[in-house]
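Participant: Just so you know, we're using the working numbering here: the sequence shown kicks off at 10 and counts up by one. Just so you know, even glycine gets a beta-carbon here, dropped at the ideal spot from N, CA and C. Here's a structure for you.
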Amino acid sequence: MGSPSSPSSPSSPSPSGTGSASGTAEPPGPAAGVRELRAAGWLAAAAVALAALVLVHWTPLAGADRTVAGELHRVARTLPGLTEANRVLSDWVWDPWTVRAALLVLVGWLVWRGVRVLAAWVAATSALGTLLQQGIKAAVDRPRPVWPDPVDAAHYASFPSGHAMTAMVGAGLALWVLRERAAPAAWQWAVGVPAAVSVVGVGCTRLYLGVHWLSDVLAGWLLGAALVAAAAGLYTRLASAAATRPPDQD
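Next up, the structure:
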């Protein structure tokens with residue numbers, strides 16, 4: 010992959026696979042993308058296992074969910090200022106539509122740089138994440154925590170947390186694009202630190218506001234990470250295949 014100042018051809022994925030922070034891209038090979046795809050498999054398996062435990066109402070998990078939710082709700086009721094701050098962060102700063110808008114800016118930047126396939130890949134992954142999230146919510150159909158004195162409200166089913174999953178997808182895609190484009194380490198840190206804070210922070214706000222169970226947030230993180238890893242691995246595999254394909258002979 011070239012550096013950010015030398016964009017790839019818009020017609021195909023970069024043949025160099027994933028770049029490094031120093032600007033030196035890794036050469037293509039038969040193992041390109043395997044690590045990411047393997048990670049995606051493990052993450053997805055963990056998410057499926059967690060969903061199964063939720064569906065069978067596994068007592069230790071259900072007890073942990075209730076304990077965490079109950080303790081945080083008591084705090085939220087006694088600290089209205091902190092609760093309002095969490096509401097602003099959750100409903101505005103880290104809202105899924107805010108994350109999607111940020112990804113739209115990233116897609117626009119990639120198109121402007123002429124990296125149209127990567128831009129389309131990011132957009133498609135983000136859209137797939139939204140569809141996957143809503144599909145799993147409908148399939149599991151888990152009720153949200155119910156309180157006689159709620160501090161916030163939310164719609165749709167509880168599992169997985171859409172906020173947590175969307176934040177993980179957005180952060181993961183942004184960091185992957187920077188790595189794929191061989192961005193300087195300073196840029197990767199500048200994006201990575203606030204991205205990590207956002208992913209963890211939004212999960213905490215959903216728990217604090219009493220609109221999700223702990224296992225909902227964990228599932229959102231696992232599914233988001235699995236999706237990004239799968240997207241990165243598949244993109245790298247296709248890029249490697251394009252680079253090693255022999256030229257057409259007339």
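Using three-state DSSP, classify Pro-203 as helix, strand or coil.
Facilitator: By 1-based counting over the sequence shown, the position of residue 203 is 194. Looking at Pro-203 - three-state DSSP - the assignment turns out to be helix.
Participant: Pick out the complete alpha helix (DSSP H) segments inside the stretch 178-249, 4 residues or longer, and give them in chain order.
Facilitator: 194-217
Participant: For the alpha helix (DSSP H) containing Pro-159, list its first residue and its last residue.
Facilitator: In the sequence shown, the residue the question calls residue 159 occupies position 150. It is not in any alpha helix (DSSP H) - Pro-159 carries neither H nor E in the DSSP assignment.
Participant: Which residues bound the alpha helix (DSSP H) around His-7?
Facilitator: Limits of the chain in this structure are 10 at one end and 259 at the other, which puts residue 7 out of reach.
Participant: Nearest to Phe-168 by alpha carbon, out of Val-149, Leu-216, Gly-181, Val-200?
Facilitator: Looking up residue 168 in the sequence shown gives position 159. Checking every option, the nearest Cα to that of Phe-168 belongs to Val-149.
Participant: Whose C-alpha, out of Tyr-165, His-66, Tyr-217, Pro-159, is nearest the C-alpha of Ile-145?
Facilitator: Numbered from its first residue, the sequence shown carries residue 145 at position 136. Nearest of Tyr-165, His-66, Tyr-217, Pro-159 to Ile-145, Cα basis: Tyr-165.
Participant: Alpha carbons only, please: which of Leu-127, Pro-152, Leu-81, Val-116 is nearest the one belonging to Gly-242?
Facilitator: The residue given as residue 242 occupies position 233 in the sequence shown. Closest option to Gly-242, Cα to Cα, is Leu-127.
Participant: What are the boundary residues of the alpha helix (DSSP H) that Trp-51 is part of?
Facilitator: As a working note, residue 51 is residue 42 in the sequence shown. That run of the alpha helix (DSSP H) goes 43-64.
Participant: For Gly-233 and Ala-136, what's the separation of their Cα atoms in angstroms?
Facilitator: If you number the sequence shown from 1, residue 233 lands on position 224. If you number the sequence shown from 1, residue 136 lands on position 127. Approximately 12 Å, taken between the alpha carbons.
Participant: For Ser-99, which three-state DSSP category applies?
Facilitator: Stepping through the sequence shown from its first residue, residue 99 is reached at position 90. Residue state, collapsed to three classes: helix.
Participant: With contact counted as at least three CB pairs below 8 Å, one residue from each stretch, are the stretch 79-88 and the stretch 214-230 in contact?
Facilitator: yes
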